[in-house]
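Heads up, the thing below is written out as C-alpha coordinates.
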Amino acid sequence: VGSFLGKSVDLGWGRVYGGQTMAQGLAAAQHMAGEGRSIHQFGCHFLKAGDVNTDIEFKVDELTSGRSFGVYHVRALQHGSPILAMTASLQTPEDGLNHQYDRIFGEGGGLRPEWGTPHELSSSHEYMQPYLEMVPKPLRPLYQVPQPIEIRPTEFTKPWDTAQRPPVRTLWVKSRLKLPDDSNVHERILTYISDWGFLETSVMPHPTGMWERSMQMASLSHSIHFHRPFRADEWLCHAMYAPSASGGRGFALGEIYNEEGDLVASTTQEGVIRQRPGLPPKYPERE
39 VGSFLGKSVD LGWGRVYGGQ TMAQGLAAAQ HMAGEGRSIH QFGCHFLKAG DVNTDIEFKV
99 DELTSGRSFG VYHVRALQHG SPILAMTASL QTPEDGLNHQ YDRIFGEGGG LRPEWGTPHE
159 LSSSHEYMQP YLEMVPKPLR PLYQVPQPIE IRPTEFTKPW DTAQRPPVRT LWVKSRLKLP
219 DDSNVHERIL TYISDWGFLE TSVMPHPTGM WERSMQMASL SHSIHFHRPF RADEWLCHAM
279 YAPSASGGRG FALGEIYNEE GDLVASTTQE GVIRQRPGLP PKYPERE
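Converting from the sequence shown to the working numbering requires adding 38 to each position, the first position being numbered 1.
This is the structure we're talking about:
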(Lines of atoms letter the chains of each structure in order from A; the text may use other names.)
(Lines give C-alpha, C1' and ligand atoms only; values in the text may rest on other atoms or scores of the structure.)
Protein backbone atom coordinates (compact mmCIF):
# COMPACT_ATOMS: atom_id res chain seq x y z
CA VAL A 39 0.00 0.00 0.00
CA GLY A 40 1.34 3.42 -0.95
CA SER A 41 0.64 6.52 1.12
CA PHE A 42 0.81 10.13 -0.07
CA LEU A 43 -0.19 13.51 1.40
CA GLY A 44 -2.03 16.29 -0.44
CA LYS A 45 -2.52 19.97 0.42
CA SER A 46 -5.67 21.94 -0.42
CA VAL A 47 -6.36 25.37 -1.88
CA ASP A 48 -9.58 27.10 -0.83
CA LEU A 49 -11.23 28.52 -3.95
CA GLY A 50 -13.88 30.22 -1.83
CA TRP A 51 -16.52 27.50 -1.69
CA GLY A 52 -15.64 26.41 1.84
CA ARG A 53 -14.90 22.85 0.67
CA VAL A 54 -12.26 21.13 -1.41
CA TYR A 55 -12.69 21.51 -5.18
CA GLY A 56 -13.39 18.06 -6.63
CA GLY A 57 -10.94 18.51 -9.49
CA GLN A 58 -8.14 19.00 -6.98
CA THR A 59 -8.87 15.74 -5.15
CA MET A 60 -9.12 13.83 -8.44
CA ALA A 61 -5.84 15.23 -9.75
CA GLN A 62 -4.07 14.38 -6.49
CA GLY A 63 -5.58 10.88 -6.51
CA LEU A 64 -4.35 10.39 -10.07
CA ALA A 65 -0.89 11.57 -9.07
CA ALA A 66 -0.85 8.97 -6.27
CA ALA A 67 -1.79 6.20 -8.73
CA GLN A 68 0.87 7.37 -11.20
CA HIS A 69 3.54 7.31 -8.49
CA MET A 70 2.56 3.77 -7.54
CA ALA A 71 2.59 2.59 -11.17
CA GLY A 72 6.05 4.05 -11.77
CA GLU A 73 7.66 5.02 -15.08
CA GLY A 74 6.61 3.37 -18.30
CA ARG A 75 2.87 3.40 -17.63
CA SER A 76 0.35 6.06 -18.73
CA ILE A 77 -3.17 6.62 -17.45
CA HIS A 78 -5.83 5.58 -19.95
CA GLN A 79 -8.91 5.62 -17.68
CA PHE A 80 -10.06 6.39 -14.18
CA GLY A 81 -13.43 6.53 -12.47
CA CYS A 82 -14.14 7.93 -9.05
CA HIS A 83 -16.91 8.55 -6.54
CA PHE A 84 -17.10 11.59 -4.29
CA LEU A 85 -18.12 10.33 -0.86
CA LYS A 86 -18.28 13.52 1.20
CA ALA A 87 -17.21 17.14 1.06
CA GLY A 88 -13.52 17.74 1.70
CA ASP A 89 -12.23 20.06 4.44
CA VAL A 90 -9.98 22.75 2.91
CA ASN A 91 -8.21 23.24 6.25
CA THR A 92 -7.07 19.61 6.58
CA ASP A 93 -4.46 17.69 4.58
CA ILE A 94 -5.71 14.79 2.47
CA GLU A 95 -4.10 11.38 2.86
CA PHE A 96 -4.09 9.16 -0.23
CA LYS A 97 -3.85 5.39 0.21
CA VAL A 98 -3.12 3.36 -2.94
CA ASP A 99 -3.56 -0.39 -3.41
CA GLU A 100 -2.29 -2.23 -6.47
CA LEU A 101 -5.13 -4.45 -7.67
CA THR A 102 -3.25 -5.99 -10.58
CA SER A 103 -0.12 -5.33 -12.64
CA GLY A 104 0.51 -7.24 -15.86
CA ARG A 105 2.75 -6.68 -18.86
CA SER A 106 0.35 -4.18 -20.45
CA PHE A 107 -1.98 -2.86 -17.75
CA GLY A 108 -1.93 -2.03 -14.06
CA VAL A 109 -5.01 -1.14 -12.00
CA TYR A 110 -4.90 0.81 -8.74
CA HIS A 111 -7.47 1.67 -6.08
CA VAL A 112 -7.03 5.08 -4.45
CA ARG A 113 -8.74 6.31 -1.29
CA ALA A 114 -8.61 9.96 -0.25
CA LEU A 115 -8.96 10.27 3.54
CA GLN A 116 -9.57 13.09 6.01
CA HIS A 117 -10.02 12.58 9.74
CA GLY A 118 -9.81 8.84 9.09
CA SER A 119 -12.83 8.80 6.74
CA PRO A 120 -12.80 8.51 2.92
CA ILE A 121 -13.88 11.53 0.89
CA LEU A 122 -13.13 10.02 -2.53
CA ALA A 123 -12.61 6.54 -3.99
CA MET A 124 -10.88 6.11 -7.36
CA THR A 125 -9.98 3.18 -9.58
CA ALA A 126 -7.30 4.02 -12.14
CA SER A 127 -5.99 1.88 -14.99
CA LEU A 128 -2.58 2.60 -16.50
CA GLN A 129 -1.12 1.07 -19.64
CA THR A 130 2.29 0.53 -21.20
CA PRO A 131 2.03 2.69 -24.36
CA GLU A 132 1.62 0.81 -27.64
CA ASP A 133 0.57 1.38 -31.26
CA GLY A 134 -2.76 0.10 -32.56
CA LEU A 135 -5.88 0.81 -34.64
CA ASN A 136 -6.75 4.49 -34.68
CA HIS A 137 -9.95 6.42 -35.46
CA GLN A 138 -12.26 8.97 -33.89
CA TYR A 139 -15.98 9.53 -34.38
CA ASP A 140 -17.91 12.23 -32.56
CA ARG A 141 -21.06 10.50 -31.33
CA ILE A 142 -22.29 13.45 -29.26
CA PHE A 143 -21.95 16.53 -31.41
CA GLY A 144 -22.39 15.14 -34.92
CA GLU A 145 -20.76 13.00 -37.54
CA GLY A 146 -17.13 13.23 -38.43
CA GLY A 147 -15.70 14.31 -35.11
CA GLY A 148 -13.36 17.20 -34.51
CA LEU A 149 -14.03 20.82 -33.63
CA ARG A 150 -17.22 22.56 -34.69
CA PRO A 151 -17.35 26.10 -36.15
CA GLU A 152 -19.74 27.37 -33.47
CA TRP A 153 -17.13 26.68 -30.79
CA GLY A 154 -14.90 29.35 -32.28
CA THR A 155 -11.20 29.51 -31.48
CA PRO A 156 -9.64 30.51 -28.15
CA HIS A 157 -7.80 33.37 -29.85
CA GLU A 158 -11.05 35.21 -30.61
CA LEU A 159 -12.70 34.65 -27.21
CA SER A 160 -12.46 36.48 -23.87
CA SER A 161 -11.59 34.76 -20.60
CA SER A 162 -13.98 34.15 -17.71
CA HIS A 163 -11.82 36.56 -15.71
CA GLU A 164 -12.42 39.32 -18.27
CA TYR A 165 -16.15 38.60 -18.51
CA MET A 166 -16.60 38.77 -14.72
CA GLN A 167 -14.88 42.13 -14.14
CA PRO A 168 -18.08 44.25 -14.45
CA TYR A 169 -19.86 41.96 -11.97
CA LEU A 170 -17.31 41.66 -9.16
CA GLU A 171 -19.55 43.45 -6.65
CA MET A 172 -22.22 40.80 -7.27
CA VAL A 173 -19.84 37.93 -6.56
CA PRO A 174 -19.96 36.54 -2.98
CA LYS A 175 -16.99 37.76 -0.94
CA PRO A 176 -15.39 34.32 -0.50
CA LEU A 177 -15.36 33.82 -4.27
CA ARG A 178 -14.13 37.24 -5.39
CA PRO A 179 -10.40 36.39 -5.36
CA LEU A 180 -11.19 33.69 -7.93
CA TYR A 181 -12.30 36.37 -10.39
CA GLN A 182 -10.35 39.48 -9.35
CA VAL A 183 -7.04 38.34 -10.82
CA PRO A 184 -6.16 35.93 -13.65
CA GLN A 185 -5.85 32.34 -12.41
CA PRO A 186 -3.08 29.82 -13.27
CA ILE A 187 -5.52 28.02 -15.60
CA GLU A 188 -7.21 30.25 -18.16
CA ILE A 189 -10.80 29.49 -19.17
CA ARG A 190 -12.42 30.98 -22.27
CA PRO A 191 -16.10 30.05 -22.72
CA THR A 192 -17.62 30.07 -26.19
CA GLU A 193 -20.69 31.66 -24.59
CA PHE A 194 -20.50 33.50 -21.27
CA THR A 195 -23.26 32.84 -18.76
CA LYS A 196 -23.37 34.63 -15.42
CA PRO A 197 -23.41 32.03 -12.60
CA TRP A 198 -26.63 33.47 -11.16
CA ASP A 199 -28.43 33.66 -14.53
CA THR A 200 -31.68 31.64 -14.40
CA ALA A 201 -32.49 31.85 -18.12
CA GLN A 202 -33.24 28.48 -19.73
CA ARG A 203 -30.92 27.31 -22.51
CA PRO A 204 -29.91 24.03 -24.19
CA PRO A 205 -27.73 21.75 -22.01
CA VAL A 206 -24.58 22.29 -24.08
CA ARG A 207 -21.50 24.33 -23.21
CA THR A 208 -17.92 24.58 -24.44
CA LEU A 209 -14.84 25.83 -22.62
CA TRP A 210 -11.37 26.44 -24.04
CA VAL A 211 -8.79 25.87 -21.30
CA LYS A 212 -5.04 25.83 -20.79
CA SER A 213 -2.35 26.43 -18.21
CA ARG A 214 -0.96 29.95 -18.28
CA LEU A 215 2.43 28.59 -17.25
CA LYS A 216 4.74 26.48 -19.38
CA LEU A 217 4.61 22.93 -18.01
CA PRO A 218 7.41 20.35 -17.93
CA ASP A 219 7.66 17.69 -20.63
CA ASP A 220 6.08 15.08 -18.36
CA SER A 221 2.80 13.60 -19.60
CA ASN A 222 1.79 12.77 -16.01
CA VAL A 223 1.71 16.48 -15.14
CA HIS A 224 -0.44 17.33 -18.17
CA GLU A 225 -2.88 14.54 -17.31
CA ARG A 226 -3.24 15.85 -13.77
CA ILE A 227 -3.91 19.40 -14.99
CA LEU A 228 -6.56 18.14 -17.42
CA THR A 229 -8.15 16.11 -14.63
CA TYR A 230 -8.23 19.21 -12.42
CA ILE A 231 -9.95 21.40 -14.98
CA SER A 232 -12.34 18.71 -16.29
CA ASP A 233 -14.55 19.24 -13.21
CA TRP A 234 -15.03 22.95 -13.93
CA GLY A 235 -18.59 23.80 -14.96
CA PHE A 236 -19.39 20.20 -15.89
CA LEU A 237 -22.37 19.48 -13.62
CA GLU A 238 -23.73 22.97 -14.22
CA THR A 239 -24.51 21.88 -17.80
CA SER A 240 -27.31 19.66 -16.48
CA VAL A 241 -29.26 22.57 -14.95
CA MET A 242 -29.08 24.83 -18.01
CA PRO A 243 -32.49 23.77 -19.46
CA HIS A 244 -34.18 24.68 -16.16
CA PRO A 245 -35.15 28.10 -14.74
CA THR A 246 -32.41 28.14 -12.11
CA GLY A 247 -28.69 28.82 -11.83
CA MET A 248 -25.64 27.36 -10.14
CA TRP A 249 -25.49 30.17 -7.59
CA GLU A 250 -29.21 30.17 -6.80
CA ARG A 251 -29.68 29.91 -3.04
CA SER A 252 -32.24 27.14 -3.46
CA MET A 253 -29.92 24.92 -5.53
CA GLN A 254 -28.02 22.06 -3.95
CA MET A 255 -25.33 20.79 -6.32
CA ALA A 256 -22.58 18.25 -5.63
CA SER A 257 -20.63 15.82 -7.79
CA LEU A 258 -21.27 12.12 -7.18
CA SER A 259 -19.04 10.47 -9.78
CA HIS A 260 -16.57 11.43 -12.49
CA SER A 261 -14.58 9.53 -15.09
CA ILE A 262 -12.05 10.28 -17.83
CA HIS A 263 -10.85 8.14 -20.72
CA PHE A 264 -7.53 9.42 -22.07
CA HIS A 265 -7.21 8.68 -25.81
CA ARG A 266 -4.22 10.56 -27.23
CA PRO A 267 -1.20 12.56 -26.03
CA PHE A 268 -1.76 16.28 -25.41
CA ARG A 269 -0.29 19.28 -23.63
CA ALA A 270 -2.27 21.15 -20.98
CA ASP A 271 -0.25 24.31 -21.63
CA GLU A 272 -1.74 24.42 -25.13
CA TRP A 273 -5.40 25.16 -25.80
CA LEU A 274 -7.87 22.33 -25.21
CA CYS A 275 -11.62 22.46 -25.89
CA HIS A 276 -13.96 20.73 -23.41
CA ALA A 277 -17.33 20.32 -25.15
CA MET A 278 -20.01 19.28 -22.65
CA TYR A 279 -23.53 17.96 -23.09
CA ALA A 280 -26.12 16.87 -20.50
CA PRO A 281 -28.50 14.28 -22.02
CA SER A 282 -30.49 13.73 -18.83
CA ALA A 283 -31.57 15.11 -15.48
CA SER A 284 -33.92 13.07 -13.28
CA GLY A 285 -34.37 11.82 -9.73
CA GLY A 286 -32.46 14.74 -8.24
CA ARG A 287 -29.40 13.91 -10.37
CA GLY A 288 -27.83 15.45 -13.45
CA PHE A 289 -25.71 13.52 -15.94
CA ALA A 290 -23.20 15.07 -18.36
CA LEU A 291 -20.86 13.82 -21.07
CA GLY A 292 -17.87 15.62 -22.50
CA GLU A 293 -15.25 15.44 -25.23
CA ILE A 294 -11.89 17.20 -25.06
CA TYR A 295 -10.09 18.23 -28.26
CA ASN A 296 -6.81 19.95 -29.03
CA GLU A 297 -6.67 22.84 -31.50
CA GLU A 298 -6.03 20.43 -34.37
CA GLY A 299 -9.34 18.67 -33.67
CA ASP A 300 -7.86 15.50 -32.21
CA LEU A 301 -10.04 13.88 -29.55
CA VAL A 302 -7.66 13.58 -26.59
CA ALA A 303 -10.10 12.56 -23.82
CA SER A 304 -13.74 11.77 -23.02
CA THR A 305 -15.43 12.67 -19.73
CA THR A 306 -18.56 11.81 -17.77
CA GLN A 307 -20.03 13.19 -14.57
CA GLU A 308 -23.13 12.63 -12.45
CA GLY A 309 -24.13 14.77 -9.52
CA VAL A 310 -26.88 15.88 -7.19
CA ILE A 311 -28.99 18.78 -8.50
CA ARG A 312 -31.79 19.56 -6.05
CA GLN A 313 -34.03 22.57 -5.68
CA ARG A 314 -34.61 23.10 -1.98
CA PRO A 315 -36.23 26.49 -1.31
CA GLY A 316 -35.79 26.11 2.45
CA LEU A 317 -32.00 25.97 2.29
CA PRO A 318 -30.04 28.73 4.09
CA PRO A 319 -28.04 31.12 1.86
CA LYS A 320 -25.06 29.46 0.18
CA TYR A 321 -22.84 32.47 0.76
CA PRO A 322 -23.85 34.41 3.90
CA GLU A 323 -21.24 37.09 3.18
CA ARG A 324 -22.60 37.95 -0.27
CA GLU A 325 -23.13 41.65 -0.70
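Where a beta carbon is used, it is the ideal one built from N, C-alpha and C, also for glycine.
- Around the beta-carbon of S162, 16 or more other beta-carbon atoms lie within 10 Å, marking it buried.
- Annotation: G81 to H260 spans about 6 angstroms, alpha carbon to alpha carbon.
- The beta carbon of A71 sits closer than 6 angstroms to the beta carbons of G108, L128 from its chain, once the five residues preceding and following it are set aside; these are given in chain order.
- With respect to D271, L217 sits close: the two C-beta atoms are nearer than 7 angstroms.
- In this structure, P197 places its C-beta atom within 7 angstroms of the C-beta atom of W249.
- In this structure, the CA atom of L159 is about 9 angstroms from the CA atom of E193.
- With a minimum length of 3 residues, the unbroken runs of beta strand (DSSP E) contained wholly in the region 183-210 fall at 187-191.
- Non-local beta-carbon contacts of A67 in its own chain, meaning distances under 8 angstroms to residues more than five positions away in sequence, involve I77, F80, V98, Y110, V112, M124, A126, L128 in chain order.
- For E225, the number of other beta carbons within 10 angstroms of its own is at least 16, and it is reported as buried.
- A residue is called buried once 16 or more other Cβ atoms fall within 10 Å of its Cβ, and Y55 is buried on that count.
- By the Cβ neighbour-count rule, H117 is exposed, with fewer than 16 other Cβ atoms within 10 Å of its own.
- In this structure D219 is exposed. Its beta-carbon is surrounded by fewer than 16 other beta-carbon atoms within 10 angstroms.
- With fewer than 16 neighbouring CB atoms inside 10 Å of its own CB, H157 falls in the exposed class.
- The Cβ atoms of I294 and I231 lie no closer than 7 angstroms to each other.
- Unbroken alpha helix (DSSP H) runs of no fewer than 4 residues, entirely contained in the region 90-147, are not found.
- By the Cβ criterion, the region 281-289 is not in contact with the region 207-215, since fewer than three pairs of Cβ atoms, one from each stretch, lie closer than 8 angstroms.
- Exclusion of the five residues before and after P120 leaves L85, R113, A114 as the residues of its chain whose Cβ lies within less than 7 angstroms of its Cβ.
- Under DSSP, R287 forms a beta bridge with S284, V310.
- Distance from W234 to G57 at the Cβ level is roughly 7 angstroms; contact confirmed, criterion being Cβ atoms closer than 8 angstroms.
- Non-local beta-carbon contacts of F268 in its own chain, meaning distances under 6 angstroms to residues more than five positions away in sequence, involve N296, V302 in chain order.
- Ranked by Cα distance from G148, the first of E298, S213, S240 is E298.
- Distance check between T200 and each of M242, K212, G74 places M242 closest, using alpha-carbon atoms only.
- The alpha carbon of Q313 has as its nearest neighbour, out of C275, T246, F289, the alpha carbon of T246.
- Scanning D93, F264, L237 for the CA closest to the CA of D48 turns up D93.
- Nearest in C-alpha terms to R190, of all of D300, H265, R266, T155, is T155.
- The continuous beta strand (DSSP E) containing G81 extends over residues 76-84.
- In the assembly as shown, K212 is a buried residue. Its beta-carbon has 16 or more other beta-carbons within 10 Å.
- Here T102 is exposed, its C-beta having fewer than 16 other C-beta atoms within 10 Å.
- Look at T229 here: in three-state DSSP terms it is helix.
- Comparing C-alpha distances from T59 to each of F264, V90, R75 shows the shortest one belongs to V90.
- For the pair E73 and P174, the Cα-to-Cα distance works out to about 44 angstroms.
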